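Peer 1:
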Amino acid sequence: MRHKLLMKKGWTLMALLASCIAATAQRTAKYDSDYYESFTDHVTGRVFFSQKYTNLILLSKRREDDLRYRPNTTLNFGVGATYGWFTLNLAYGFDFLNKGDDSKGKTRYLDLQSHVYTRKMSIDLFGQFYKGFYLYPEGTAAPAKNWYTRPDIKVRHMGVAAYYILDWDKLSMRAAMLQTEWQKKSAGSLLVGGEVYYGATKGDSALVPSALEAMYDQRGVTKFRYFDIGPGIGYAYTFVWKENWYAMGGITGSFPINFQKDIRYGNAEKKTTISPDLMYRAGLGYNNERMNISVTWVNNSFQTRGESGKYRINTGNVRLNAAYRFMPGPRLKNKIKIFRSDS
(Lines of atoms letter the chains of each structure in order from A and count residues from 1; the text may use other names and numbers.)
(Lines give C-alpha, C1' and ligand atoms only; values in the text may rest on other atoms or scores of the structure.)
Protein backbone atom coordinates (compact mmCIF):
# COMPACT_ATOMS: atom_id res chain seq x y z
CA MET A 1 0.00 0.00 0.00
CA ARG A 2 2.80 2.40 0.89
CA HIS A 3 4.55 1.62 -2.40
CA LYS A 4 1.38 2.30 -4.41
CA LEU A 5 0.80 5.57 -2.55
CA LEU A 6 4.40 6.65 -3.22
CA MET A 7 3.99 5.78 -6.89
CA LYS A 8 0.75 7.79 -7.16
CA LYS A 9 2.24 10.83 -5.44
CA GLY A 10 5.43 10.56 -7.48
CA TRP A 11 3.61 10.44 -10.80
CA THR A 12 1.39 13.34 -9.81
CA LEU A 13 4.36 15.48 -8.76
CA MET A 14 6.30 14.65 -11.92
CA ALA A 15 3.33 15.42 -14.18
CA LEU A 16 2.66 18.74 -12.46
CA LEU A 17 6.32 19.77 -12.53
CA ALA A 18 6.71 18.86 -16.20
CA SER A 19 3.51 20.68 -17.12
CA CYS A 20 4.49 23.83 -15.21
CA ILE A 21 7.93 23.92 -16.81
CA ALA A 22 6.51 23.36 -20.28
CA ALA A 23 3.80 25.95 -19.86
CA THR A 24 6.29 28.51 -18.55
CA ALA A 25 8.78 27.83 -21.32
CA GLN A 26 6.18 28.01 -24.09
CA ARG A 27 5.76 31.40 -25.73
CA THR A 28 4.52 32.40 -29.16
CA ALA A 29 7.57 31.90 -31.37
CA LYS A 30 7.88 32.04 -35.14
CA TYR A 31 9.97 29.26 -36.60
CA ASP A 32 11.33 28.76 -40.13
CA SER A 33 8.71 26.60 -41.86
CA ASP A 34 11.22 25.73 -44.59
CA TYR A 35 13.02 23.63 -41.97
CA TYR A 36 10.17 22.09 -40.02
CA GLU A 37 6.40 22.01 -39.66
CA SER A 38 4.52 22.01 -36.36
CA PHE A 39 1.36 20.06 -35.48
CA THR A 40 0.79 21.28 -31.92
CA ASP A 41 -2.83 22.06 -32.88
CA HIS A 42 -3.30 18.34 -33.64
CA VAL A 43 -3.63 15.46 -31.20
CA THR A 44 -0.65 13.14 -31.56
CA GLY A 45 -1.61 9.66 -30.41
CA ARG A 46 1.00 6.96 -30.01
CA VAL A 47 1.63 3.35 -29.07
CA PHE A 48 5.10 2.31 -27.97
CA PHE A 49 7.39 -0.25 -26.42
CA SER A 50 9.87 1.04 -23.85
CA GLN A 51 12.70 -0.24 -21.70
CA LYS A 52 13.85 1.95 -18.82
CA TYR A 53 16.98 1.32 -16.78
CA THR A 54 19.15 2.69 -13.98
CA ASN A 55 22.58 1.06 -13.72
CA LEU A 56 25.06 1.48 -10.87
CA ILE A 57 28.75 1.24 -11.81
CA LEU A 58 31.70 1.23 -9.42
CA LEU A 59 34.60 2.49 -11.51
CA SER A 60 38.03 0.85 -11.36
CA LYS A 61 41.42 1.82 -12.76
CA ARG A 62 40.69 -0.30 -15.84
CA ARG A 63 37.34 0.03 -17.60
CA GLU A 64 37.00 -3.71 -18.18
CA ASP A 65 37.16 -4.27 -14.41
CA ASP A 66 34.32 -1.88 -13.53
CA LEU A 67 31.66 -3.42 -11.26
CA ARG A 68 28.36 -3.12 -13.15
CA TYR A 69 25.12 -3.50 -11.20
CA ARG A 70 21.98 -3.78 -13.32
CA PRO A 71 18.30 -3.95 -12.38
CA ASN A 72 16.02 -6.74 -13.58
CA THR A 73 13.44 -4.48 -15.27
CA THR A 74 10.60 -5.17 -17.70
CA LEU A 75 9.85 -4.38 -21.33
CA ASN A 76 6.75 -2.17 -21.27
CA PHE A 77 3.93 -1.58 -23.74
CA GLY A 78 2.21 1.80 -23.61
CA VAL A 79 -0.18 4.27 -25.16
CA GLY A 80 -0.12 8.04 -24.99
CA ALA A 81 -1.10 11.35 -26.54
CA THR A 82 0.19 14.91 -26.87
CA TYR A 83 -1.80 18.09 -27.44
CA GLY A 84 -0.26 21.55 -27.24
CA TRP A 85 2.22 21.48 -24.38
CA PHE A 86 0.71 18.51 -22.51
CA THR A 87 1.80 14.87 -22.91
CA LEU A 88 0.43 11.81 -21.10
CA ASN A 89 1.95 8.35 -21.59
CA LEU A 90 0.90 5.20 -19.72
CA ALA A 91 2.85 1.93 -19.94
CA TYR A 92 2.91 -1.45 -18.23
CA GLY A 93 5.19 -4.51 -18.32
CA PHE A 94 2.73 -7.21 -19.39
CA ASP A 95 3.60 -10.81 -18.60
CA PHE A 96 3.50 -11.92 -22.26
CA LEU A 97 6.36 -9.49 -23.00
CA ASN A 98 8.54 -10.57 -20.12
CA LYS A 99 9.77 -14.07 -19.46
CA GLY A 100 10.83 -13.94 -15.84
CA ASP A 101 14.48 -14.69 -15.05
CA ASP A 102 14.58 -15.31 -11.31
CA SER A 103 18.28 -16.11 -11.45
CA LYS A 104 18.94 -12.35 -11.76
CA GLY A 105 16.90 -11.62 -8.66
CA LYS A 106 13.95 -9.27 -8.43
CA THR A 107 13.93 -5.50 -8.78
CA ARG A 108 11.31 -3.22 -7.27
CA TYR A 109 11.39 0.16 -8.90
CA LEU A 110 9.59 3.41 -9.55
CA ASP A 111 11.07 5.19 -12.59
CA LEU A 112 9.73 8.71 -13.16
CA GLN A 113 11.63 9.94 -16.20
CA SER A 114 10.01 12.83 -18.05
CA HIS A 115 11.57 14.38 -21.15
CA VAL A 116 9.93 17.70 -22.02
CA TYR A 117 10.60 19.38 -25.37
CA THR A 118 9.29 22.88 -25.98
CA ARG A 119 10.02 25.02 -29.00
CA LYS A 120 13.09 26.53 -27.32
CA MET A 121 13.96 24.16 -24.47
CA SER A 122 14.95 20.58 -23.75
CA ILE A 123 14.08 19.65 -20.15
CA ASP A 124 14.77 16.26 -18.58
CA LEU A 125 13.36 15.26 -15.18
CA PHE A 126 14.62 12.20 -13.33
CA GLY A 127 13.21 10.39 -10.31
CA GLN A 128 14.71 6.91 -9.96
CA PHE A 129 13.86 4.65 -7.00
CA TYR A 130 15.33 1.14 -7.44
CA LYS A 131 15.89 -1.78 -5.09
CA GLY A 132 17.48 -5.06 -6.17
CA PHE A 133 20.40 -5.47 -8.60
CA TYR A 134 22.64 -8.13 -10.12
CA LEU A 135 26.27 -7.95 -11.28
CA TYR A 136 26.97 -8.09 -15.00
CA PRO A 137 28.44 -10.14 -16.64
CA GLU A 138 27.36 -13.55 -15.43
CA GLY A 139 29.89 -15.15 -13.12
CA THR A 140 31.22 -11.90 -11.64
CA ALA A 141 31.82 -12.54 -7.90
CA ALA A 142 29.86 -15.78 -8.33
CA PRO A 143 30.43 -19.33 -9.65
CA ALA A 144 30.39 -19.73 -13.44
CA LYS A 145 26.93 -19.51 -15.05
CA ASN A 146 25.51 -17.86 -11.95
CA TRP A 147 24.49 -14.26 -11.26
CA TYR A 148 25.65 -12.39 -8.16
CA THR A 149 22.48 -10.74 -6.84
CA ARG A 150 22.02 -7.95 -4.31
CA PRO A 151 18.36 -7.58 -3.34
CA ASP A 152 19.40 -5.15 -0.58
CA ILE A 153 21.00 -2.43 -2.73
CA LYS A 154 18.89 0.71 -3.10
CA VAL A 155 19.51 3.53 -5.60
CA ARG A 156 17.76 6.90 -5.33
CA HIS A 157 18.58 9.41 -8.08
CA MET A 158 16.69 12.67 -8.73
CA GLY A 159 17.49 15.66 -10.89
CA VAL A 160 16.75 18.16 -13.65
CA ALA A 161 18.69 18.98 -16.81
CA ALA A 162 17.49 22.06 -18.74
CA TYR A 163 19.00 23.36 -22.00
CA TYR A 164 18.16 26.24 -24.30
CA ILE A 165 18.18 25.48 -28.06
CA LEU A 166 19.96 28.44 -29.67
CA ASP A 167 18.79 27.73 -33.24
CA TRP A 168 15.28 26.67 -32.24
CA ASP A 169 13.79 28.30 -35.34
CA LYS A 170 15.54 25.72 -37.56
CA LEU A 171 16.00 22.65 -35.35
CA SER A 172 13.02 20.84 -33.84
CA MET A 173 13.90 18.36 -31.11
CA ARG A 174 10.20 17.61 -30.77
CA ALA A 175 10.16 16.16 -34.30
CA ALA A 176 12.55 13.36 -33.37
CA MET A 177 11.76 12.87 -29.68
CA LEU A 178 8.06 13.78 -29.27
CA GLN A 179 6.57 13.15 -32.76
CA THR A 180 4.58 16.43 -32.77
CA GLU A 181 6.60 18.14 -35.52
CA TRP A 182 8.16 17.28 -38.88
CA GLN A 183 11.78 18.20 -39.61
CA LYS A 184 12.03 18.65 -43.39
CA LYS A 185 15.63 19.90 -43.76
CA SER A 186 18.82 19.07 -41.93
CA ALA A 187 19.73 21.44 -39.10
CA GLY A 188 21.74 21.66 -35.88
CA SER A 189 22.08 23.87 -32.83
CA LEU A 190 24.21 24.57 -29.79
CA LEU A 191 22.56 23.84 -26.44
CA VAL A 192 23.33 25.84 -23.28
CA GLY A 193 21.97 25.28 -19.79
CA GLY A 194 22.70 23.38 -16.61
CA GLU A 195 21.93 20.37 -14.42
CA VAL A 196 21.25 19.60 -10.77
CA TYR A 197 21.08 16.18 -9.06
CA TYR A 198 20.66 14.63 -5.65
CA GLY A 199 20.77 10.99 -4.69
CA ALA A 200 21.87 8.20 -2.39
CA THR A 201 22.89 4.57 -2.79
CA LYS A 202 23.15 2.05 0.03
CA GLY A 203 23.32 -1.64 0.84
CA ASP A 204 22.97 -3.74 3.98
CA SER A 205 26.63 -4.68 3.50
CA ALA A 206 29.55 -3.32 1.45
CA LEU A 207 28.75 -2.53 -2.19
CA VAL A 208 31.94 -4.34 -3.29
CA PRO A 209 31.56 -8.13 -2.85
CA SER A 210 33.94 -9.51 -0.25
CA ALA A 211 35.54 -11.83 -2.82
CA LEU A 212 36.65 -8.78 -4.84
CA GLU A 213 37.29 -6.14 -2.19
CA ALA A 214 41.08 -6.17 -2.59
CA MET A 215 40.69 -4.97 -6.19
CA TYR A 216 38.58 -1.85 -5.58
CA ASP A 217 39.08 1.50 -3.85
CA GLN A 218 35.37 1.47 -2.91
CA ARG A 219 35.82 -1.53 -0.58
CA GLY A 220 34.01 -1.18 2.72
CA VAL A 221 31.56 1.47 1.47
CA THR A 222 27.97 0.68 2.43
CA LYS A 223 26.43 4.03 1.46
CA PHE A 224 27.19 7.19 -0.49
CA ARG A 225 25.15 10.37 -0.92
CA TYR A 226 25.70 13.28 -3.30
CA PHE A 227 24.54 16.71 -4.45
CA ASP A 228 25.63 17.96 -7.85
CA ILE A 229 25.00 21.32 -9.60
CA GLY A 230 26.61 23.18 -12.48
CA PRO A 231 26.43 24.64 -16.02
CA GLY A 232 26.47 22.66 -19.25
CA ILE A 233 26.81 22.94 -23.01
CA GLY A 234 26.08 20.65 -25.94
CA TYR A 235 25.05 20.20 -29.54
CA ALA A 236 22.19 18.50 -31.40
CA TYR A 237 21.82 17.77 -35.11
CA THR A 238 19.16 16.18 -37.30
CA PHE A 239 20.09 14.78 -40.70
CA VAL A 240 17.11 14.56 -43.08
CA TRP A 241 17.02 12.49 -46.24
CA LYS A 242 14.28 13.12 -48.83
CA GLU A 243 12.25 15.11 -46.25
CA ASN A 244 10.81 12.01 -44.55
CA TRP A 245 13.74 9.94 -43.25
CA TYR A 246 15.83 11.33 -40.43
CA ALA A 247 18.56 10.59 -37.90
CA MET A 248 18.96 12.87 -34.89
CA GLY A 249 21.76 12.89 -32.32
CA GLY A 250 22.61 15.14 -29.41
CA ILE A 251 25.08 15.31 -26.56
CA THR A 252 25.39 17.65 -23.58
CA GLY A 253 28.13 17.84 -21.00
CA SER A 254 27.90 19.58 -17.63
CA PHE A 255 30.75 20.59 -15.33
CA PRO A 256 29.19 20.65 -11.86
CA ILE A 257 30.45 21.02 -8.34
CA ASN A 258 29.94 17.65 -6.68
CA PHE A 259 29.50 17.14 -2.93
CA GLN A 260 29.69 13.52 -1.76
CA LYS A 261 29.54 11.76 1.57
CA ASP A 262 30.62 8.11 1.93
CA ILE A 263 29.99 5.72 4.79
CA ARG A 264 32.94 3.32 4.94
CA TYR A 265 33.36 0.80 7.76
CA GLY A 266 30.85 2.90 9.73
CA ASN A 267 32.81 6.17 9.34
CA ALA A 268 31.76 9.24 7.32
CA GLU A 269 34.05 10.63 4.61
CA LYS A 270 33.30 13.84 2.67
CA LYS A 271 34.73 15.21 -0.56
CA THR A 272 34.04 18.12 -2.93
CA THR A 273 35.12 17.84 -6.56
CA ILE A 274 34.35 18.86 -10.15
CA SER A 275 32.79 15.77 -11.69
CA PRO A 276 31.62 16.04 -15.35
CA ASP A 277 28.37 14.43 -16.52
CA LEU A 278 27.21 13.48 -20.03
CA MET A 279 23.79 13.06 -21.58
CA TYR A 280 23.12 11.46 -24.95
CA ARG A 281 19.94 11.36 -27.00
CA ALA A 282 19.15 9.93 -30.42
CA GLY A 283 16.22 9.38 -32.73
CA LEU A 284 15.90 7.46 -35.99
CA GLY A 285 12.80 7.10 -38.11
CA TYR A 286 10.27 8.11 -40.75
CA ASN A 287 8.07 11.23 -40.50
CA ASN A 288 5.40 12.96 -42.58
CA GLU A 289 2.41 15.23 -42.02
CA ARG A 290 0.31 12.43 -40.50
CA MET A 291 2.50 9.78 -38.93
CA ASN A 292 5.83 9.01 -37.31
CA ILE A 293 7.58 5.67 -36.81
CA SER A 294 10.77 5.91 -34.82
CA VAL A 295 13.24 4.56 -32.29
CA THR A 296 14.39 6.99 -29.58
CA TRP A 297 17.02 6.74 -26.87
CA VAL A 298 17.93 9.01 -23.96
CA ASN A 299 20.84 8.18 -21.65
CA ASN A 300 22.08 10.23 -18.69
CA SER A 301 25.59 9.24 -17.58
CA PHE A 302 26.01 10.77 -14.14
CA GLN A 303 29.36 10.52 -12.35
CA THR A 304 30.11 11.22 -8.70
CA ARG A 305 33.38 10.94 -6.80
CA GLY A 306 34.18 10.60 -3.11
CA GLU A 307 37.15 9.72 -0.95
CA SER A 308 36.44 6.08 -1.73
CA GLY A 309 36.61 6.43 -5.51
CA LYS A 310 34.36 7.04 -8.51
CA TYR A 311 30.79 5.91 -9.18
CA ARG A 312 28.58 6.23 -12.25
CA ILE A 313 24.81 6.03 -12.53
CA ASN A 314 23.45 5.47 -16.04
CA THR A 315 19.77 6.26 -16.42
CA GLY A 316 17.95 5.87 -19.69
CA ASN A 317 14.95 4.95 -21.79
CA VAL A 318 14.82 3.16 -25.17
CA ARG A 319 11.52 3.40 -27.06
CA LEU A 320 9.97 2.12 -30.28
CA ASN A 321 7.17 4.53 -31.29
CA ALA A 322 4.30 4.56 -33.77
CA ALA A 323 2.42 7.88 -33.76
CA TYR A 324 -0.52 9.31 -35.70
CA ARG A 325 -1.71 12.94 -35.76
CA PHE A 326 -5.30 14.08 -36.19
CA MET A 327 -7.24 17.30 -35.82
CA PRO A 328 -9.62 17.11 -32.82
CA GLY A 329 -13.31 17.72 -33.41
CA PRO A 330 -15.09 20.80 -31.99
CA ARG A 331 -16.30 18.99 -28.85
CA LEU A 332 -12.93 17.45 -28.00
CA LYS A 333 -11.07 20.66 -28.85
CA ASN A 334 -13.23 22.60 -26.41
CA LYS A 335 -12.48 20.11 -23.62
CA ILE A 336 -8.72 20.17 -24.10
CA LYS A 337 -8.26 23.83 -25.03
CA ILE A 338 -6.42 24.55 -21.74
CA PHE A 339 -3.46 22.61 -23.16
CA ARG A 340 -3.35 24.56 -26.41
CA SER A 341 -0.12 26.29 -27.36
CA ASP A 342 0.73 28.41 -30.39
CA SER A 343 4.47 27.89 -30.03
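Those letters in the sequence shown? Residues -25 to -1, 1 to 318, per mature numbering (1 follows the signal peptide of the UniProt record, and there is no 0), in order.
Glycine is no exception: its CB is placed at the ideal position from the N, C-alpha and C atoms.
Treat the numbers as computed from the prediction; the structure is a model and nothing was measured.
With DSSP collapsed to three states, give me the class of Thr93.
Peer 2: Reduced to three states, the DSSP call for Thr93 is coil.
Peer 1: Express the C-alpha separation of Asn64 and Tyr58 in angstroms, rounding to a whole number.
Peer 2: Roughly 12 Å separates the two Cα atoms.
Peer 1: How would you write the range of the alpha helix (DSSP H) that Leu187 sits in, first residue to last?
Peer 2: Per DSSP, Leu187 belongs to no alpha helix (DSSP H) and is neither H nor E.
Peer 1: Mind checking who Ala175 pairs with in its DSSP beta bridge?
Peer 2: Answer is Arg131 and Arg200, bridged to Ala175.
Peer 1: Less than 6 Å between C-beta atoms, sequence neighbours within five positions excluded: which residues of the same chain meet that for Asp99?
Peer 2: Counting only Cβ-Cβ distances below 6 Å, and skipping sequence neighbours, we find His90 and Ala136.
Peer 1: Can you tell me which of the three DSSP states Phe71 falls into?
Peer 2: Looking at Phe71 - three-state DSSP - the assignment turns out to be helix.
Peer 1: Quick one: Cα of Ile288 to Cα of Phe199, how far?
Peer 2: Taking the straight line from one Cα to the other gives about 12 Å.
Peer 1: Contact between the segment 185 to 201 and the segment 279 to 299 is defined here as three or more beta-carbon pairs at a separation below 8 Å; is this criterion met?
Peer 2: Yes, since at least three Cβ pairs between the segment 185 to 201 and the segment 279 to 299 fall closer than 8 Å, the two stretches touch.
Peer 1: Could you tell me whether the Cβ atoms of Phe108 and Leu31 are closer together than 9 Å?
Peer 2: Their beta carbons are under 9 Å apart, which means Phe108 touches Leu31 by this criterion.
Peer 1: Mind the definition here: the segment 254 to 263 touches the segment 143 to 158 only if three or more C-beta pairs lie below 8 Å; say whether that holds.
Peer 2: At 8 Å Cβ cutoff, the stretches touch.
Peer 1: Suppose you measure from the CA of Pro132 to the CA of Asp237; what does that come to, to the nearest Å?
Peer 2: It should be pointed out that residue 132 corresponds to His in this sequence rather than to Pro. Their Cα atoms are separated by approximately 16 Å.
Peer 1: With H, G and I counted as helix, E and B as strand and the rest as coil, what does DSSP make of Pro303?
Peer 2: Coil at Pro303, not helix or strand.
Peer 1: Within the same chain, show all residues whose beta-carbon is closer than 8 Å to that of Lys5, passing over the 5 residues directly before and after it, in chain order.
Peer 2: Answer for Lys5: Asp144, listed in chain order.
Peer 1: Below 8 Å, how does it come out for the segment 46 to 53 and the segment 63 to 83: are there three or more Cβ pairs, yes or no?
Peer 2: Contact between the segment 46 to 53 and the segment 63 to 83 is present, because at least three Cβ pairs lie under 8 Å.
Peer 1: List the residues that DSSP assigns as beta-bridge partners of Arg244.
Peer 2: Before going further, note that residue 244 is Glu rather than Arg in the sequence given. DSSP lists Asp237 as partners of Glu244.
Peer 1: Give me whichever residues DSSP pairs with Leu42 in a beta bridge.
Peer 2: Leu42 pairs with Leu33.
Peer 1: Provide the residue(s) that pair with Trp216 in DSSP beta bridges, ordered along the chain.
Peer 2: According to DSSP, which records beta bridges pairwise, Trp216 is partnered with Trp220.
Peer 1: Where does Phe23 fall in DSSP's three states?
Peer 2: It is a strand residue.
Peer 1: Quick check on this structure: which residue in Ser250, Gly291 and Val130 has the alpha carbon closest to the alpha carbon of Lys177?
Peer 2: Nearest of Ser250, Gly291 and Val130 to Lys177, Cα basis: Val130.
Peer 1: Expressed to the nearest angstrom, what Euclidean distance is found between the alpha-carbon atoms of Ile268 and Gly20?
Peer 2: So the two alpha carbons sit approximately 12 Å from each other.
Peer 1: Just to confirm, are Gly225 and Ser97 a CB contact at a threshold of 9 Å?
Peer 2: Yes, the Cβ-Cβ distance between Gly225 and Ser97 is below 9 Å.
Peer 1: Would you please state the rounded distance, in angstroms, between the beta carbons of Gly174 and Tyr139? I believe it to be under 8 Å.
Peer 2: About 25 Å; that fails the 8 Å criterion.
Peer 1: What do you reckon, are the CB atoms on Gln158 and Met223 nearer than 9 Å?
Peer 2: Taking 9 Å as the Cβ cut-off, Gln158 and Met223 qualify as a contacting pair.
Peer 1: Provide the residue span of the beta strand (DSSP E) that contains Ala56, from first to last.
Peer 2: Looking at the DSSP string, the run of the beta strand (DSSP E) that includes Ala56 is Asn51 to Tyr58.
Peer 1: So what does Ala136 bridge to, in DSSP terms?
Peer 2: Paired residues: Asp99 and Glu170.
Peer 1: Which word fits Tyr240, buried or exposed, when buried means at least 16 other C-beta atoms lie within 10 angstroms of its C-beta?
Peer 2: Flag for Tyr240 reads exposed.
Peer 1: If I'm right that Leu165 touches Leu187 with Cβ under 8 Å, what's the distance once you round it to whole angstroms?
Peer 2: Between Leu187 and Leu165 the Cβ distance is about 43 Å, and since that is not below 8 Å, they are no contact.
Peer 1: Thinking residue 341 and Gly55 are a contact (beta carbons under 8 Å), I'd like their distance in whole angstroms, please.
Peer 2: The first residue shown for the chain is -25 and the last is 318, placing residue 341 beyond what the model contains.
Peer 1: Which value, in whole angstroms, describes the spacing of the CA atoms of Pro112 and Arg265?
Peer 2: So the alpha carbons of these two residues sit roughly 43 Å apart.
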